[in-house]
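In full-length UniProt numbering, the protein residues as written are 1 to 64. What follows is a set of notes on a single structure, which appears directly below.
See the structure below:
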């Protein structure tokens with residue numbers, strides 16, 4: 001599985017980008033996107049996805 005940032009909800013704050021241990025998050029068009037080929041949902045590294053933990057917008061990052 002992978003996570004997806006809902007572009008219409010993303011504020012572009014960039015809090016998520018440096019938290020990703022797999023470097024799967026990048027800026028695109030003023031919001032951020034997650035590369036599904038790199039996203040592991042932090043399994044084996046953390047108890048929960050780090051991007052979700054730091055995102056100030058509830059439900060902005062969802063499983064796809």
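Quick reminder that beta carbons are idealized off the backbone N, C-alpha and C, glycines included. Treat the numbers as computed from the prediction; the structure is a model and nothing was measured.
- By the Cβ neighbour-count rule, residue 49 is buried, with 16 or more other Cβ atoms within 10 Å of its own.
- Cα atoms of residue 27 and residue 13: separation of roughly 10 Å, rounded to the nearest angstrom.
- When C-alpha distances from residue 23 are compared across 64, 37 and 57, the shortest belongs to 37.
- Per DSSP, reduced to three states, the secondary structure at residue 19 is helical.
- Bounds of the alpha helix (DSSP H) holding residue 50 are 50-54.
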